[in-house]
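Residue numbering for the sequence shown follows my numbering, beginning at 2 and increasing consecutively. Using N, Cα and C, we set each Cβ at its ideal position, and we do this for glycine too. All values derive from a computational prediction rather than experimental measurement.
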Amino acid sequence: MLDRRRTLSSYLTDLLASGRVSFTRDEAIAELGTTARGFLAAAKRLQNKKTLINPRQGFYVVVPPQYLARGAPPPQWYIDDLMKHEGHPYYVGLLKAAEIHGASHQAVMQFQTITDKRIPKTRAGRSILTFFYRKDISVLTEAITDHKTDTGHFKLSSPELTGLDVLRYLHAAGTIDSIATVLSDLGAKMKARELQKLAPAFERSVVQRLGYLLDFVKHGQAAEGLHAHLQSEKQLPWVDLDPSKRAGKSRNPAERDARWNVLVHRRPELDQ
């Protein structure tokens with residue numbers, strides 16, 4: 002009698018034909034009627050052939066023929082499935098979101114995601130997936146939208162949320178120069194009202210720095226929403242525009258911006 006059980010290889014072909022590129026170990030075992038040991042052995046053979054990758058335990062991504070040279074399809078094709086597998090809310094943010102919104106002057110090297118679970122950096126082919134932690138991600142729900150892809154959709158931060166995040170996660174967003182450059186484009190898509198609604202979910206210093214930079218890159222209209230939020234503060238502390246050690250601070254800053262109470266030791270230079 003002929004053995005009509007499907008192979009893992011044919012299962013991957015069927016997945017691609019249906020517009021999917023990812024699956025879980027449990028899904029495949031149930032679909033193929035195999036054992037965990039049998040599945041892992043078959044998966045290992047396909048991983049050796051570079052047609053399958055395993056970026057997280059129990060989660061697999063098929064590598065379509067056109068992406069064999071890159072080692073994996075684009076992360077936006079499977080990030081939603083990955084985070085469903087992890088069982089945690091998320092959104093694609095920071096410089097990757099800015100790039101998707103059309104506000105990037107250079108290729109973003111990492112696929113940046115914010116979630117309420119601490120997940121280590123993950124490599125998938127040539128892509129590096131980095132995850133940033135935020136405990137109270139639920140307060141940002143209204144600023145997270147669905148963005149369509151070739152294989153479905155993923156969660157994406159709005160322009161306003163993206164702008165606040167690049168100042169909150171300064172270590173992940175580059176230099177003040179690169180952030181100002183991103184905001185010079187992204188600021189045109191920001192709405193004052195949406196920034197005002199989001200501001201309470203962020204540290205006051207983040208709001209001050211973003212407000213200053215939006216004024217600096219000539220998007221003062223959007224900044225008005227942040228300024229309106231800060232009016233509730235009885236006494237606004239002074240903050241450094243660039244709090245990093247590399248900022249080269251001196252005792253006498255070059256500028257003391259009284260509108261935002263921001264100390265500017267060096268005015269940002271926009272990338273060309």
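Whole-angstrom distance between residue j and residue i, CA atom to CA atom
| i | j | result |
| --- | --- | --- |
| Leu184 | Gly34 | 52 Å |
| Asp261 | His220 | For the sequence presented, residue 261 should be read as Trp rather than Asp. Going by the C-alpha atoms only, they are around 14 Å apart. |
| Ala98 | Lys156 | 10 Å |
| Lys51 | His86 | 22 Å |
| Tyr61 | Phe24 | 5 Å |
| Val208 | Pro244 | 14 Å |
| Ser105 | Glu161 | 15 Å |
| Tyr79 | Tyr91 | 13 Å |
| Val265 | Asp241 | 6 Å |
| Leu41 | Ile54 | 12 Å |
| Thr116 | Ile129 | 16 Å |
| Ala224 | Val218 | 11 Å |
| Ser158 | Lys149 | 13 Å |
| Gly103 | Ala37 | 44 Å |
Residue closest to residue i, alpha-carbon to alpha-carbon, out of the options
| i | options | result |
| --- | --- | --- |
| Lys118 | Met110, Gly126, Phe132 | Phe132 |
| Leu215 | Gly164, Ser158, Arg205 | Gly164 |
| Pro66 | Thr116, Gln77, Leu13, Leu96 | Leu13 |
| Tyr134 | Thr114, Val62, Val22, Ala108 | Thr114 |
| Pro75 | His154, Lys45, Thr142, Pro121 | His154 |
| Met237 | Asp258, Gly175, Phe217 | Sequence inspection shows Leu at residue 237; the Met mentioned does not correspond to that position. Closest by alpha carbon: Asp258. |
| Ala173 | Asp272, Leu227, Met110 | Met110 |
| Glu234 | Gly188, Ser179, Ala200 | Ala200 |
Three-state secondary structure assigned by DSSP to residue i
| i | result |
| --- | --- |
| Val140 | helix |
| Val167 | helix |
| Asp147 | strand |
| Pro56 | strand |
| Leu3 | For Leu3, the pLDDT reaches just 37, beneath the cut-off of 50, and the residue's location in the model is therefore unreliable, although a value from the coordinates is still provided. DSSP places Leu3 in coil when its eight states are reduced to three. |
| Asp243 | coil |
| Glu234 | coil |
| Leu199 | helix |
| Ala111 | What sits at residue 111 in the sequence shown is Gln, not Ala. In this structure, Gln111 counts as strand in the three-state DSSP scheme. |
| Tyr68 | helix |
| Ala277 | Absent from the model: residue 277. The displayed extent of the chain is 2 to 273, so no value can be given. |
Limits of the unbroken alpha helix (DSSP H) element including residue i
| i | result |
| --- | --- |
| Ala18 | 9–18 |
| Gln209 | 205–217 |
| Arg119 | Neither: Arg119 is in no alpha helix (DSSP H) and is coded neither H nor E. |
| Asp178 | 177–187 |
| Asp81 | 80–87 |
Start and end residues, beta strand (DSSP E) containing residue i
| i | result |
| --- | --- |
| His154 | 153–158 |
| Ser23 | 23–25 |
| Val265 | 263–265 |
| Ser128 | 128–134 |
| Arg257 | 256–258 |
| Val93 | 91–93 |
Distance between beta carbons of residue j and residue i, contact taken as under 8 Å
| i | j | result |
| --- | --- | --- |
| Leu95 | Tyr213 | Between Tyr213 and Leu95 the Cβ distance is about 19 Å, and since that is not below 8 Å, they are no contact. |
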